[in-house]
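Line by line, the protein sequences are chains A and B.
First residue of the first sequence? That's 1 in this note's numbering, and the numbers climb one at a time after it.
First residue of the second sequence? That's 1001 in this note's numbering, and the numbers climb one at a time after it.
What follows is one structure encoded as structure tokens, with my remarks underneath.
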Amino acid sequence: MPNSAPRRYASHGMEIDLGDYRVREYRPGDEDSILPAFNRVFAAIDPTFVPRTMDEWHWRTLQNPAGLRMFVGVTAADEVVVHYAGLPIRMVQNGERVHWNQIVDSFADPRAGRGLKKPGLFVTCSQTYGHHYGGLQPKDRVMYGLPVRRAYRVGQKMLAYHTVREQLVLELEVERSDEGRVSAHSPAGSVRIEEVQRFSDEVDTLFERARLPHDAIAVRDRAYLDWRFATRPRQIYRMALARDVHGRLVGYAVVNAGSFDLRAGAIVADWLVDPSQPAAGHALRGWLLDFARAQACDRVLMMLPDTCLDFMAFQDAGYRARETSYITVAGLFRRSFSTLPLYRGWYYTQADFDLI
Amino acid sequence: MDGLELRAVRGEDEPYLGAFAQAFAPGDVVRSAIERWGHFATPHPSGLRVVVAKAVADARGPERLAAIVMARPVPARIDEDGRVFAEVIAAAVHPLDRIGVRGPRVLAALGAAYLAEHSAPERDVITFGFGGESAWRSLRFGPGVELIRRQPLLVFDVNQGTAALPSGVFSLHAFGDNAAALFERCAIDWRACAVRDATTLAWRFPADGGYVRLVVGDAEGTLDAALVTARGAPGTLRVLDWLVPSDAVGAQSLLVQALITTARTSGLARIELALPPWSPAFNTLQNHGFKVHASDRIVFARSAHPRLDTWWLRDHWWFQPFDQARPRSPTEPPEGPLGSWPVTADPCP
């Protein structure tokens, strides 16, 4: 991790003057040049890339309940040619309310490549970003991501990414599944499933119970879940609540039809179950299977850390662990950083990443 | 560093090596590695790689070795070409030299000197280690050492099974020359791996070690598949090497049945394998009832070739407990003898 700001340039507040370019924090209106450059750069390197709309940019950047993290490198005419950004997320880590930061969407516009000399505008931008946002409270405690090979190398250099794990995915082949039969004869019958369009405040209470087994978990409260799933442009998620016989919320799941790691299927976007209510897990898995069948999906794909109890519960229900192209990584602004505590105690799902 | 000479070990260092070993408790990994020097130096003609930090007499103590890095060369393959890997078996600082910030600095300097000397594309192309978090912390000296994988385990809970090995499976006293042919069939799917033949297998799994070698073969001496297993953590049968060609589907099923039988007759409730997630067997064994569990075991390595980076090694390196030959600390999973398992007639004389 960089532990000091680059010193070779004069810094004026949040602005670093590099001569032909300046590095500074985001200002309203930057999106007018960020978005076209982003769409141009990523379309050139990813054949599956779908251009982002301004609505979507606003949603993920300005409406995130955890805030905004963004530095840009701009020309004298204030045109953005380098972009270094992250999606902050509110976490409970060892009982403490903190922020983490998922690094996403960073790029250097190759059209300005001739000006990006070593140590480079991009390097300066990323190091400034890391120094400005990362660190001990109240800064972002951990930088993390789910990079593919190329992004991993960049992150290793810029943010000292460390491997948390080779990411596995749990996969259920719908045709071979007997989950429906299992559910019908399991205690899941005492749990009622209810589809919703938005979450209510009772999910905050569920989160306080469900977070307890985990040393680190994103705050899955109403504000976060509604932002993440209910208000997202161009994505339609299906959300289901599990209630016990008393009507109490004991779990929820979010799913959509899509693809992960070039595998199409029903992608479980989020999952949280009260650890004392395994029947909720049975019932929600049955609902996932119903969704997959209704959408003609061949498989259900679920991403969880292999250290959490749910990972085993899904395997007990017939899911198989498969390799993926991804590595879960994290970096921390401390020399003594070890990924072991995150490996053991960090609970996450697809919701914590921006892949779906 | 002041007062330290970083260099390859020499014959004149022998008494200092003995004193260095004595500074560690009996059974300690470092002490065991030095005491079993001859054992680790045996398999490869180029011998051990050892560098030391020699300290002059100072306020801390008399003339001594302040630190040592030891590794054993491993015959290996990269894309069918013969190469050499090296397993770090000890990296430690003398207790007198650990005070303050000196210890980490000494080890970092010696680790860098070690890598400068031995880590090169035409020498030790991969320098690696395997173990828990403590091994990772103590052995990841030097620049470029990266965590390759936290090794997931395939675990089978044994609750039923027959008392006899399935037909077609045999238990061997030792592997013969036919092991090399089996290795060649397996290695078609492994772009990076350590070489297995009768010699390396006999060194890694000595005849008196209580290891059980289960094979599927025929009377003509052909091995279709094989594995080596031993008692692991309490109640656990641990598979140490899995030599099953990807096209030997029937043999794989037989070996799974044989493992269940072996565990049951040995009074063990759990079978544990560690396979790379990219291997076909990682998937197919789940269809046999194995579940994937997380573990704290870490594979870490330093590549001396830019093409063989961390990501490439994750995707292509066939890594097994076979590859870990260094002494173990008491906190690591053991390799204990199964003892009572009857050795059947060798089908491959």
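In this text, a Cβ means the ideal position worked out from N, Cα and C, and glycines have one as well.
It should be emphasised that the depicted structure is a prediction, and the values quoted were computed from it without experimental measurement.
Other residues of its chain near residue i: CB distance less than 6 Å, five sequence neighbours each side excluded
| i | result |
| --- | --- |
| A/Pro275 | Pro213 |
| A/Gly281 | Val273, Ala313 |
| B/Glu1014 | none |
| B/Pro1026 | none |
| B/Tyr1211 | Phe1205, Val1228, Ala1230 |
| A/Glu195 | Ala240 |
Nearest-angstrom Cα separation, counted from residue j out to residue i
| i | j | result |
| --- | --- | --- |
| A/Leu288 | A/Ala242 | 12 Å |
| A/Arg8 | A/Gly135 | With a pLDDT of 36 at A/Arg8, under the threshold of 50, the predicted position of this residue should be treated as unreliable, though the coordinate-derived value follows. Spanning the two alpha carbons is a distance of roughly 22 Å. |
| B/Val1030 | B/Ala1092 | 7 Å |
| A/Asp306 | A/Tyr343 | 9 Å |
| B/Ser1246 | B/Pro1276 | 14 Å |
| A/Gly258 | A/Ile267 | 6 Å |
| A/Val82 | A/Lys139 | 23 Å |
| A/Gln156 | B/Leu1338 | 44 Å |
| A/Asp55 | A/Tyr224 | 18 Å |
| A/Val98 | A/Pro147 | 23 Å |
| A/Phe49 | B/Pro1206 | 55 Å |
| B/Ala1055 | B/Ala1019 | 13 Å |
| A/Lys118 | A/Ala330 | Because A/Lys118 sits at a pLDDT of 48, beneath the cut-off of 50, its placement in the model cannot be relied upon, and the point is left open. |
| A/Thr128 | A/Tyr152 | 19 Å |
| A/Val254 | B/Ala1179 | 51 Å |
| A/Gln93 | B/Ala1194 | 41 Å |
| A/Val142 | A/Ala296 | 39 Å |
| B/Ala1268 | B/Arg1072 | The sequence as given places Leu at residue 1268 of chain B; Ala does not occur at that position. Straight-line Cα distance between these residues: approximately 33 Å. |
| A/Leu170 | B/Gln1022 | 49 Å |
| B/Arg1137 | B/Val1050 | 19 Å |
| A/Leu355 | A/Tyr84 | 17 Å |
| A/His185 | A/Ala279 | With a pLDDT of only 41 at A/His185, under the threshold of 50, the placement of this residue in the model should not be trusted, and no figure is reported. |
| A/Asn3 | A/Tyr133 | Its pLDDT being 39, under 50, A/Asn3 is placed unreliably in this model, and the value from its coordinates should be taken loosely. Going by the C-alpha atoms only, they are around 12 Å apart. |
| B/Ser1303 | B/Gly1336 | 32 Å |
| A/Ala216 | A/Trp346 | 5 Å |
| B/Gln1286 | A/Glu173 | 13 Å |
| A/Trp57 | A/Pro28 | 12 Å |
Chain-ordered chain A contacts of residue i [CB-CB under 8 Å]
| i | result |
| --- | --- |
| B/Glu1005 | The contacting residues do not exist; B/Glu1005 stays about 28 Å from chain A at best. |
| B/Pro1026 | What B/Pro1026 touches in chain A: nothing, since even the nearest Cβ is about 28 Å away. |
| B/Trp1278 | Glu323 |
Closer than 9 Å at the beta carbon, the chain A residues around residue i
| i | result |
| --- | --- |
| B/Pro1152 | Arg165, Glu166, Leu168, Asp306, Ala321 |
| B/Pro1045 | Correct list: empty, because the minimum Cβ distance to chain A is about 35 Å. |
For residue i: DSSP bridge partner residues
| i | result |
| --- | --- |
| A/Leu262 | Looking at the DSSP assignment, A/Leu262 forms no beta bridge with any residue, so it has no partner. |
| A/Tyr84 | A/Phe71 |
| B/Met1070 | B/Val1050, B/Ala1090 |
| B/Phe1085 | B/Val1074, B/Ile1126 |
| B/Ala1194 | B/Ala1076 |
| A/Gln127 | Its beta-bridge partners do not exist; DSSP assigns none. |
| A/Phe122 | Per DSSP, none; premise fails for A/Phe122. |
| B/Asp1241 | B/Val1228 |
| A/Tyr347 | A/Ile217 |
| B/Asp1157 | B/Arg1270 |
| B/Asp1058 | B/Gly1061 |
Under 7 Å from the C-beta of residue i: neighbouring residues of chain A
| i | result |
| --- | --- |
| B/Ala1274 | Ordered by position in chain A, no residue passes the 7 Å Cβ test against B/Ala1274, which lies about 13 Å from the chain. |
| B/Lys1291 | Met312, Gln315 |
| B/Asp1314 | It should be pointed out that residue 1314 of chain B corresponds to Arg in this sequence rather than to Asp. Those within 7 Å of B/Arg1314 in chain A are Glu166. |
Beta-carbon neighbours of residue i, restricted to chain B and to distances below 7 Å
| i | result |
| --- | --- |
| A/Arg149 | Trp1311 |
| A/Tyr144 | Residues of chain B passing the Cβ test: none, with the nearest at roughly 15 Å. |
| A/Tyr133 | Result: empty, since nearest Cβ-Cβ is about 25 Å, beyond 7 Å. |
| A/Leu340 | Glu1133 |
Partners in chain B for residue i, counting only beta-carbon separations shorter than 8 Å
| i | result |
| --- | --- |
| A/His162 | Leu1147 |
| A/Tyr129 | Under the 8 Å cutoff, chain B gives no residues; its nearest Cβ is about 24 Å from A/Tyr129. |
Proximity test, residue i beta-carbon vs the ligand SAH heavy atom, cut-off 8 Å
| i | result |
| --- | --- |
| A/Thr48 | The model depicted lacks the ligand SAH and carries no ligand whatsoever. |
Contact set for residue i: own chain, Cβ-Cβ below 7 Å, skip 5 residues either direction
| i | result |
| --- | --- |
| B/Arg1204 | Phe1322, Ala1325 |
| A/Arg209 | Asp274 |
| B/Ile1042 | According to the sequence as given, residue 1042 of chain B is Thr; it is not Ile. The answer, listed in chain order, is Trp1203. |
| B/Ala1113 | Leu1006, Val1051 |
| A/Ser33 | Glu79, Val80 |
Cβ-based neighbour list, residue i, same chain, cut-off 8 Å, excluding 5 preceding and 5 following
| i | result |
| --- | --- |
| B/Trp1388 | Since the first and last residues shown for chain B are 1001 and 1349, residue 1388 of chain B lies out of range. |
| B/Arg1036 | Pro1327 |
| A/Gly205 | In the sequence on display, residue 205 of chain A carries Thr and not Gly. Within the same chain, A/Thr205 has close Cβ partners Leu249. |
Proximal residues of chain B, C-beta to C-beta of residue i below 9 Å
| i | result |
| --- | --- |
| A/Tyr152 | Thr1310, Trp1311 |
| A/Tyr343 | Arg1150, Ala1294, Asp1296 |
(message) Taking beta-carbon pairs under 8 Å, can you tell me which members of the stretch 1096 to 1115 of chain B lie near chain C?
(response) Absent here is chain C; the protein component of the structure consists of chains A and B.
(request) Let me know the alpha helix (DSSP H) ranges lying completely inside the stretch 174 to 258 of chain A, each 4 residues or longer, listed in chain order. (result) 179 to 184, 202 to 210, 222 to 225
(message) Going residue by residue through the stretch 257 to 344 of chain A, where are the continuous beta strand (DSSP E) segments of at least 3 residues, counting only ones entirely within it?
(response) 263 to 273, 299 to 302, 320 to 332
(request) List in chain order: all unbroken beta strand (DSSP E) runs of 3+ residues lying wholly within the stretch 1264 to 1335 of chain B. (result) 1270 to 1273, 1291 to 1293, 1298 to 1303
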